[in-house]
Amino acid sequence: MKILEYSSELLECDEWDYTNLVLNTTSENVTPATAILNEKLNFDILRNYDYRKLVGYFIRTQNDYSDVFQLKKFSSSTDQVWKPFVYELLGFESDVLLKRYELNNEIENLKTKIKNMEDYYSASDIDRINGQIDILTREKDMLEQDLDSFNFYLNEKQISKELIKEIENKSISLQNKAYNLRSDIELIENSLATKEFLDFDYIKELFTEVEIYFSDQLEKSYEELINFNKSLLEDRRVHLSKLLSEKKIELKIVDDKLKEVGKQRSNILNVLQDNDVINKYKHLRSNLIEKEKSIQSLETQKEIILQTRTDIKELNEKKKELEIINETIDNKIESGNKVLNDIRYLFKTYFEKITSKNGIIDISTNTTSNVEFNAGIITDNGTLTHEDEGFSYRKMLCMCFDLAILSYYSNKSFFKFLYHDGPFEALHENRKESYLEFIEDYCADNDVQYIISLIDSDVSSDKLNKEDIVCKLEQNEDGSGALFGFKY
Numbered sequence: 001m002k003i004l005e006y007s008s009e010l011l012e013c014d015e016w017d018y019t020n021l022v023l024n025t026t027s028e029n030v031t032p033a034t035a036i037l038n039e040k041l042n043f044d045i046l047r048n049y050d051y052r053k054l055v056g057y058f059i060r061t062q063n064d065y066s067d068v069f070q071l072k073k074f075s076s077s078t079d080q081v082w083k084p085f086v087y088e089l090l091g092f093e094s095d096v097l098l099k100r101y102e103l104n105n106e107i108e109n110l111k112t113k114i115k116n117m118e119d120y121y122s123a124s125d126i127d128r129i130n131g132q133i134d135i136l137t138r139e140k141d142m143l144e145q146d147l148d149s150f151n152f153y154l155n156e157k158q159i160s161k162e163l164i165k166e167i168e169n170k171s172i173s174l175q176n177k178a179y180n181l182r183s184d185i186e187l188i189e190n191s192l193a194t195k196e197f198l199d200f201d202y203i204k205e206l207f208t209e210v211e212i213y214f215s216d217q218l219e220k221s222y223e224e225l226i227n228f229n230k231s232l233l234e235d236r237r238v239h240l241s242k243l244l245s246e247k248k249i250e251l252k253i254v255d256d257k258l259k260e261v262g263k264q265r266s267n268i269l270n271v272l273q274d275n276d277v278i279n280k281y282k283h284l285r286s287n288l289i290e291k292e293k294s295i296q297s298l299e300t301q302k303e304i305i306l307q308t309r310t311d312i313k314e315l316n317e318k319k320k321e322l323e324i325i326n327e328t329i330d331n332k333i334e335s336g337n338k339v340l341n342d343i344r345y346l347f348k349t350y351f352e353k354i355t356s357k358n359g360i361i362d363i364s365t366n367t368t369s370n371v372e373f374n375a376g377i378i379t380d381n382g383t384l385t386h387e388d389e390g391f392s393y394r395k396m397l398c399m400c401f402d403l404a405i406l407s408y409y410s411n412k413s414f415f416k417f418l419y420h421d422g423p424f425e426a427l428h429e430n431r432k433e434s435y436l437e438f439i440e441d442y443c444a445d446n447d448v449q450y451i452i453s454l455i456d457s458d459v460s461s462d463k464l465n466k467e468d469i470v471c472k473l474e475q476n477e478d479g480s481g482a483l484f485g486f487k488y
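Position one of the sequence shown corresponds to residue 1 (the UniProt record's numbering), numbered consecutively onward.
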């Protein structure tokens with residue numbers, strides 16, 4: 001985008017002031033196009049509101065004529081979305097109205113929260129709940145004392161979780177050691193049962209069978225080898241026999257320790273398997289858990305009730321604050337202001353020039369102190385008529401409101417154009433010419449561009465200045481007269 005006074009040239013991207021703009025974004029690192037446009041427009045009216053909220057009042061389509069103040073795009077919105085800036089547009093401070101909506105929302109949320117609580121609990125139950133908590137706490141303390149006594153009983157029997165765990169670990173360790181010792185003993189006994197592994201007579205017989213000469217010298221050397229082997233085997237037997245004896249002694253010691261540990265485990269089990277003791281322990285633990293759950297539940301109820309009391313107090317304070325704000329708004333509306341009076345006078349003047357009837361706009365508050373904007377037609381003595389209920393007069397009321405707003409702020413940095421779709425459709429034939437005269441004077445006096453769209457049957461072409469016709473659309477077969485010069 002390139003910001004220029006006026007240009008019809010398409011610039012190269014490197015000449016642009018901004019590139020890759022997005023329409024809207026929540027990122028702090030990206031500037032949206034709407035923010036740049038707001039900055040360039042630099043409106044000194046309603047600075048806290050985006051121009052996009054306001055532009056609809058100056059580009060009225062057929063869908064926007066059903067209500068003078070509430071555009072079609074706001075029909076499904078809450079009053080908080082559009083009423084504050086209309087309120088400010090008419091010369092009042094919108095902050096107080098925004099605060100009213102904010103307070104009202106907070107009050108409704110608190111009411112809902114309090115009602116949801118009161119469906120289950122009553123604020124008057126607080127003393128009963130405190131009493132229940134006290135009773136249950138006393139009972140819980142007694143159960144804890146009984147459990148302490150039970151633990152003391154176990155201590156008297158020299159039984160504790162640590163002792164049980166120690167005995168179990170010791171038993172497992174001794175069993176593993178006994179298993180390893182028995183495996184070692186079995187291996188040693190098997191080794192001692194092994195016979196000589198060299199048989200001289202067998203080897204000599206084997207050589208004879210294959211007719212190989214077995215020399216006397218070789219026979220002598222082999223006999224020496226056999227004797228040496230027997231000597232080694234005998235030494236090995238002596239060593240293994242000694243080791244076997246040691247392993248058996250060690251195994252007996254381990255077995256004796258296992259028997260002792262077994263007796264200890266048996267004694268503990270005898271105590272722990274006492275049904276009276278176990279049942280008492282289970283009963284105490286179960287009751288204690290139930291008491292703790294009940295106390296926790298009551299504490300939660302108590303917290304909710306206390307919070308609700310705080311919410312009720314806050315609700316009453318906000319209601320008082322809302323009453324003050326409502327009174328402030330009523331006083332402001334009752335006092336009025338110059339902006340509203342000037343806009344109202346312009347509105348009445350324009351409506352009378354166009355329709356020869358008395359139009360009026362005013363502000364009021366309803367039974368719930370909500371601000372209401374009103375526009376209608378009155379008699380000479382100030383009585384409201386029902387003429388505005390017809391579409392034609394309702395349309396003229398919308399148009400005159402836009403004209404009055406634009407005229408009042410014409411010397412400010414604000415919108416300088418106005419578009420109305422089909423204004424002649426709402427006018428009687430004898431009022432169309434006076435309307436044309438009016439808009440010529442209006443544009444000259446306020447230095448604004450007034451754009452209207454109409455069909456050729458709305459007004460005779462000889463009543464229009466040719467230089468005022470910017471675009472004329474026709475539906476010709478060849479496409480000439482179309483908006484883009486061709487049919488598609």
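For every residue, glycine included, the Cβ atom is placed at its ideal position computed from N, Cα and C.
Requested in this report: Go to Leu346, then tell me how far its alpha helix (DSSP H) extends in each direction, as first and last residue.
Outcome: The residue you call residue 346 lines up with position 346 of the sequence shown. Lys338 to Thr355 is the span of the alpha helix (DSSP H), which, as asked, contains Leu346.
Requested in this report: In angstroms with no decimal places, state the Cα-to-Cα distance between Asn374 and Glu93.
Outcome: As a working note, residue 374 is residue 374 in the sequence shown. As a working note, residue 93 is residue 93 in the sequence shown. The straight-line gap from Cα to Cα measures roughly 18 angstroms.
**Report entry** Exposure label - Asn104; buried when at least 16 CB within 10 Å
**Finding:** To locate residue 104, count along the sequence shown from 1; it is residue 104. Buried.
Query raised in the report: Is it true that the CB of Lys353 sits closer than 8 angstroms to the CB of Ser407?
Result: The residue you call residue 407 lines up with position 407 of the sequence shown. The residue you call residue 353 lines up with position 353 of the sequence shown. Not in contact: Ser407 and Lys353 (Cβ atoms no closer than 8 angstroms).
Query raised in the report: By how many angstroms is the C-alpha of Gly336 removed from the C-alpha of Ile361?
Result: Position 361 of the sequence shown, counted from the first residue, corresponds to residue 361. Position 336 of the sequence shown, counted from the first residue, corresponds to residue 336. Between Ile361 and Gly336, the C-alpha separation is close to 12 angstroms.
Requested in this report: Just mark Trp16 as buried or exposed, buried being the case when its beta carbon has 16 or more other beta carbons within 10 Å.
Outcome: The sequence position of residue 16 within the sequence shown is 16, counting from 1. Exposed is the label assigned to Trp16, since fewer than 16 other Cβ atoms lie within 10 Å of its Cβ.
Report task. Indicate the three-state DSSP secondary structure (helix, strand or coil) for Gln475 in the structure shown. Result -> Here the question's residue 475 lines up with position 475 in the sequence shown. Per DSSP, reduced to three states, the secondary structure at Gln475 is coil, with no helix or strand assignment.
Report task. Can you say whether Val470 is buried or exposed, counting buried as having 16 or more other CB atoms within 10 angstroms of its CB? Result -> For the purposes of this step, residue 470 is taken as residue 470 along the sequence shown, with counting starting at 1. The Cβ neighbour count for Val470, taken over all protein chains shown within 10 Å, is under 16; the residue is labelled exposed.
Report task. Check Gly376 in the structure and name its three-state DSSP category. Result -> Taking the sequence shown and counting its residues from 1, the one referred to as residue 376 is at position 376. Looking at Gly376 - three-state DSSP - the assignment turns out to be strand.
Requested in this report: Please go through the stretch 75-137 and give each complete alpha helix (DSSP H) segment of 4 or more residues, from N-terminal end onward.
Outcome: Listed in chain order, they are 79-89 and 94-118.
Report task. May I ask you to verify whether the stretch 396-412 touches the stretch 332-352, counting CB pairs closer than 8 angstroms and requiring at least 3? Result -> As far as the Cβ criterion goes, the stretch 396-412 touches the stretch 332-352, which means the pair count is three or higher.
Report task. Would you kindly check if the distance between the Cβ of Leu384 and the Cβ of Gly390 is under 8 angstroms? Result -> The sequence position of residue 390 within the sequence shown is 390, counting from 1. The sequence position of residue 384 within the sequence shown is 384, counting from 1. Between Gly390 and Leu384, the CB-CB gap reaches or exceeds 8 angstroms.
Report task. Compare the C-alpha of Asn63 against each of Cys398, Asp330, Thr112 and Ile329 and name the closest. Result -> The residue you call residue 63 lines up with position 63 of the sequence shown. Closest by C-alpha distance to Asn63, out of Cys398, Asp330, Thr112 and Ile329, is Cys398.
Query raised in the report: Cβ atoms of Ile107 and Leu340: under 8 angstroms apart, would you say?
Result: Translated into the one-based positions of the sequence shown, residue 340 becomes position 340. Translated into the one-based positions of the sequence shown, residue 107 becomes position 107. With respect to Ile107, Leu340 sits apart: the two C-beta atoms are not nearer than 8 angstroms.
Requested in this report: Label Gly131 either buried or exposed according to how many other C-beta atoms from any shown protein chain fall within 10 Å of its C-beta, with 16 as the threshold for buried.
Outcome: For the purposes of this step, residue 131 is identified with residue 131 of the sequence shown, where counting begins at 1. Exposed: under 16 other Cβ atoms inside 10 Å.
Requested in this report: May I ask you to verify whether the stretch 289-297 touches the stretch 126-144, counting CB pairs closer than 8 angstroms and requiring at least 3?
Outcome: Yes: at least three Cβ pairs fall under 8 angstroms.
Query - Own chain partners of Leu192 with C-beta closer than 8 angstroms, once the 5 adjacent residues on each side are dropped - result: By one-based count along the sequence shown, residue 192 stands at place 192. Within the same chain, Leu192 has close Cβ partners Arg237, Leu240, Ser241 and Leu244.
Requested in this report: Alpha carbon to alpha carbon, how far is Ile249 from Leu258? Give it in angstroms, no decimals.
Outcome: Taking the sequence shown and counting its residues from 1, one reaches residue 258 at position 258. Taking the sequence shown and counting its residues from 1, one reaches residue 249 at position 249. Taking the straight line from one Cα to the other gives about 14 angstroms.
Requested in this report: Could you say if the stretch 447-465 and the stretch 82-99 meet the contact criterion of at least three C-beta pairs nearer than 8 angstroms?
Outcome: The stretch 447-465, when compared against the stretch 82-99, does not touch it at the 8 angstroms Cβ threshold.
**Report entry** Short Cβ contact (8 angstroms threshold) for Pro84 with Leu71
**Finding:** Against the sequence shown, residue 84 aligns to sequence position 84. Against the sequence shown, residue 71 aligns to sequence position 71. Pairing Pro84 with Leu71 gives a Cβ-Cβ distance that is not under 8 angstroms.
Query - Continuous alpha helix (DSSP H) stretch holding Tyr435: start and end - result: Locating residue 435 in the sequence shown gives position 435, counting from the first residue. Start and end: Glu429 to Asn446.
Query raised in the report: Can you name, in chain order, every residue of its own chain whose Cβ lies under 6 angstroms from the Cβ of Asn411, other than the five neighbours on each side?
Result: As a working note, residue 411 is residue 411 in the sequence shown. Closer than 6 angstroms at Cβ, skipping near neighbours: no residue.
Report task. Thinking Tyr87 and Val371 are a contact (beta carbons under 8 angstroms), I'd like their distance in whole angstroms, please. Result -> In the sequence shown, the residue the question calls residue 87 occupies position 87. In the sequence shown, the residue the question calls residue 371 occupies position 371. Their Cβ separation, rounded to whole angstroms, is 6 angstroms, which keeps Tyr87 and Val371 in contact under 8 angstroms.
Query raised in the report: What residue range is occupied by the uninterrupted beta strand (DSSP E) comprising Phe417?
Result: In the sequence shown, counting from the first residue as 1, residue 417 sits at position 417. Looking at the DSSP string, the run of the beta strand (DSSP E) that includes Phe417 is Phe417 to Asp421.
Query raised in the report: Can you find at least 3 beta carbon pairs, one from the stretch 310-330 and one from the stretch 108-124, that sit closer than 8 angstroms?
Result: Put simply, the stretch 310-330 touches the stretch 108-124. At least three CB pairs are less than 8 angstroms apart.
Query raised in the report: Between which two residues does the beta strand (DSSP E) containing Asp67 stretch?
Result: Position 67 of the sequence shown, counted from the first residue, corresponds to residue 67. It is not in any beta strand (DSSP E) - Asp67 carries neither H nor E in the DSSP assignment.
**Report entry** Reference Asn109, options Leu315, Asn446 and Lys463, closest by Cα
**Finding:** Within the sequence shown, residue 109 is the residue found at index 109, counting from 1. It is Leu315.
Requested in this report: Take the Cβ of Phe417 as the centre, count every other Cβ of all protein chains shown within 10 Å, and call the residue buried at 16 or more, exposed below.
Outcome: Here the question's residue 417 lines up with position 417 in the sequence shown. Answer is exposed; the Cβ neighbour count stays below 16.
Query raised in the report: In three-state DSSP terms, what is Arg60?
Result: On the sequence shown, position 60 is the one that residue 60 refers to. It is a strand residue.
Query raised in the report: Can you give the beta carbon distance from Gln264 to Ile167, rounded, assuming they're within the 8 angstroms contact cut?
Result: Working through the sequence shown from its first residue, we reach residue 264 at position 264. Working through the sequence shown from its first residue, we reach residue 167 at position 167. The C-beta distance from Gln264 to Ile167 rounds to 5 angstroms, short enough to fall under 8 angstroms.
Query raised in the report: So is Lys40 buried or exposed if we call it buried at 16+ other beta carbons inside 10 Å?
Result: What you label residue 40 is simply residue 40 of the sequence shown in a count that begins at 1. The residue in question, Lys40, is exposed, as its Cβ has fewer than 16 Cβ neighbours within 10 Å.
Query raised in the report: Buried or exposed: His420, going by 16 or more other Cβ atoms within 10 Å of its Cβ?
Result: Translated into the one-based positions of the sequence shown, residue 420 becomes position 420. His420 should be labelled buried.
Query raised in the report: Cβ of Phe414 within 8 angstroms of Cβ of Ile45?
Result: Here residue 414 corresponds to residue number 414 of the sequence shown, with the count starting at 1. Here residue 45 corresponds to residue number 45 of the sequence shown, with the count starting at 1. Result yes, Cβ atoms of Phe414 and Ile45 sit closer than 8 angstroms.
Query raised in the report: If Val96 sits next to Ile329, beta carbons under 8 angstroms apart, how far is it from one beta carbon to the other, in whole angstroms?
Result: Numbered from its first residue, the sequence shown carries residue 96 at position 96. Numbered from its first residue, the sequence shown carries residue 329 at position 329. Confirmed, Cβ separation roughly 6 angstroms.
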